[in-house]
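Presented below is the structure to which this report refers.
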Amino acid sequence: YYGNMHPNTVMIDAKPIPGTSKVVASFSPGHGRNEHAGVITAIDPRKGPDAKEMARPVAGRKQYRDPYPLSETQFLVADGTRITLLVTGGKTTTLFELPKQWRKGRMGVHEPRPLRGRKRERVIPSRVDLTKPTGLVMLENVNIGRNMKGVKPGEITDLLVLEILSKPYNMFSGMEPLTYGGSFLLERILGTVPVEPDGSAYMELPAMRPLFFVALDKNGQAVKRMQSFMSLQPGERLSCIGCHEERGRPPTTSKIPSARRRKPSKIKPIPNVPDVFDFPRDIQPILDKHCVACHDYDKTKTGGPRAGRVILTGDRGPMYSHSYYMLTVLKEFSDGRNLRKSNYPPRTLGSSASPIMKRLDGAHHKVKLSAHEKQMIRLWIDSGAAYPGTYAALGAGMLGHYSGSTGGLTRQDAKWASTIAARAVVKRRCASCHKGQTSLPDSPSDNKRMVGWTERRELIAKGDFPILRFNRHILYNLSRPEKSLLLLAPLSKAAGGYGGGKNACPVAFKNTDDPDYQTLLKAIVEAKAYVDKITRFDKPGFKPRPEYIREMKRYGLIDKAFDATKDPIDVYKMDRKYWDSLNYRPKIK
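In my numbering, the protein residues as written are 533 to 1121.
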């Protein structure tokens, strides 16, 4: 109806305004404020479903919650501890306020409603059949859309069907450690359905689940990626014109689409690939086999890592592996990022827009992957390019935080004696050369002196590696501390470092016996020991956070007597058990 083309605002709590064709909604800024607080806005559809000028604030920019329209000019709203009558123009009248003894903590009022008789709305016949586990979707022509220029008829041969997976718990509002600036949620690959030569598709999809599509060509490469989602009620039948077509556009042909002349396609699973990818488990072995021989920390004649300073080892940084960080900041894969855009042109998102896919057929130093290995990387990208394949990774094994929001995480190493000593070394031995550049972080968890998240996100989008190479995610090696770039860059070549040479750090340490070198090494070793202790999802013996166990007990998926400190748990199986518990179970006739 409105909003999908207008990012940066959550438009929610919409209700029809009596006696009009208008709708009132809360326009909550950004990702949305607490309890959907936002600017109360009336949307008039007479210029179409996307006309920005037809969305007008009812009463200025002041924010309220839960609007309920009494008429075109009067609205009930929740305002903290008060129920208020809001009149167009901004005048307010308090109708009710919580007694003083109730105004403690975060107590507030919500969802005001008038208790009055009214004429019942026209009853729309139900399209739901609760005995069915699925619904049907008819797509007229995938080539039709608002941004499909250059897509030739017949170019799209299949739709990849994916499901957005629910979190059993959450730690903070960012995407870490699921991605570095990308998706906030994991995505599951359900399989593919065919697209007919005339662009039509007819499919049977599971009900009551958030689904989206990636349009694929004959090589399985992404042509267009859906950036929102859809869902079906049990037994429901829906249709759409094309791929993000104009909302007011009617069907374009009187002919029956080819796909409608047959039975609906069932989703065809993709064999021998995981439905939920896990980078260390599924992608890193491919990099180890084909890439790490060149893209490791071993020094070369020119000093520094081989192959253009691109490190693709699985060594752990404070939050991600070094390979995952490198592939992200060098834009080797295209996943849309968290840049608040929508409806990208064809082949600008996903596998077909990812440079890494062009390096797998022998053109890049004769590196040639098998068909299955290429498929694994392609589908990992097209399913969001996540780092972990489990939500148990949230807040676990992470050192540091972002944007001042700890989400229950703290900079554990900030007060360690080794960190304080290392901080002094960085300032004394490194600051003179790095003056005016992005400062070297004092410790693996230090974000304070790095560029802000907004700037960092823009640098990632630009692939500005010269600045991002000072990021803590690549400077600290918490698998092999002696391979940390913070140590190798200022260490002389004779001692096994990168010191000297073009674009390398001037020699600060002649050998590893230098007391300052040992001070830095000790701090990194202690950080590694801490991460080993709290464990990370890709380490043997990983233990999820107490919040994960608590919620699984609440959902009844593990016994209340379960003790995570002693009892084994497979978090991948537990995630799947949780997701499956949410699936719709048809009613028995």
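A virtual CB, placed ideally from N, CA and C, is assigned to each residue, including glycine. Treat the numbers as computed from the prediction; the structure is a model and nothing was measured.
Distance between beta carbons of residue j and residue i, contact taken as under 8 angstroms
i	j	result
F628	R645	Not a contact, Cβ separation roughly 12 angstroms.
V609	L618	5 angstroms
V641	I688	Not confirmed; about 50 angstroms, so no contact.
T922	A1055	Incorrect: roughly 30 angstroms between the Cβ atoms, too far for contact.
A747	C775	6 angstroms
A739	K664	7 angstroms
G723	K800	5 angstroms
E672	P803	So it is not a contact: roughly 30 angstroms between Cβ atoms.
R588	A574	6 angstroms
G682	P878	6 angstroms
Limits of the unbroken beta strand (DSSP E) element including residue i
i	result
P589	A587 to P589
T951	Counting along the chain, T951 falls outside any beta strand (DSSP E), though it belongs to the alpha helix (DSSP H) covering A949 to R961.
Y734	A733 to P738
K756	A754 to R757
S771	R769 to C772
L764	Element bounds for L764: n/a, residue is neither H nor E.
R614	R614 to V619
R597	Q595 to P601
R720	E719 to P726
V556	V555 to P561
I572	G570 to I575
V693	D690 to I696
E629	T624 to E629
A747	L743 to L748
Helix, strand or coil at residue i according to DSSP, with G and I counted as helix
i	result
F704	coil
I999	Its pLDDT being 48, under 50, I999 is placed unreliably in this model, and the value from its coordinates should be taken loosely. Reduced to three states, the DSSP call for I999 is helix.
T860	helix
T942	Note that T942 scores 48 on pLDDT, short of 50, meaning its location in the model is unreliable and no value can be drawn from it.
E1014	helix
P550	coil
L671	strand
F607	strand
S797	strand
I888	helix
W985	With a pLDDT of 46 at W985, under the threshold of 50, the modelled position of that residue is not reliable, and no figure is offered here.
T1094	Here residue 1094 is Phe; the residue named in the question, Thr, does not match the sequence. If DSSP states are grouped into helix, strand and coil, F1094 belongs with coil.
S790	helix
K1121	coil
S937	Model confidence at S937 stands at a pLDDT of 32, short of 50, so the residue's coordinates are unreliable; what they give is reported in the following sentence. It is a strand residue.
A1027	helix
F811	helix
K681	coil
R879	coil
K900	strand
Bounding residues of the alpha helix (DSSP H) (the contiguous stretch that carries residue i)
i	result
A1055	P1047 to I1066
Y1110	V1103 to S1113
R1122	Because the chain is modelled from 533 through 1121, residue 1122 falls outside the range shown and cannot be assessed.
M908	A903 to D914
Q816	Q816 to H822
L1127	Past the edges of the chain, shown from 533 to 1121, lies residue 1127, and the structure says nothing about it.
Nearest neighbour of residue i, chosen from the options [CA to CA]
i	options	result
I549	P599, K584 and V542	P599
L844	G622, C823 and S1016	C823
N751	R648, Q907, R1108 and A574	Q907
P1047	L1019, R654 and G1028	L1019
N1003	Y712, K1105 and E1058	Y712
G706	G1088, H563 and I572	H563
R794	Y1030, L668, L926 and R869	L668
N702	N870, P1078 and T860	P1078
S884	R910, Y1030 and K1042	R910
E585	H538, P631 and D611	H538
P631	G612, L691, F811 and L647	G612
L718	D867, K1121 and M543	D867
R779	D1045, R578, A954 and L697	R578
Residue i CB to nearest heavy atom of the ligand HEM below 7 angstroms
i	result
V590	With respect to small molecules bound, the structure shown includes none, and the ligand HEM cannot be examined in it.
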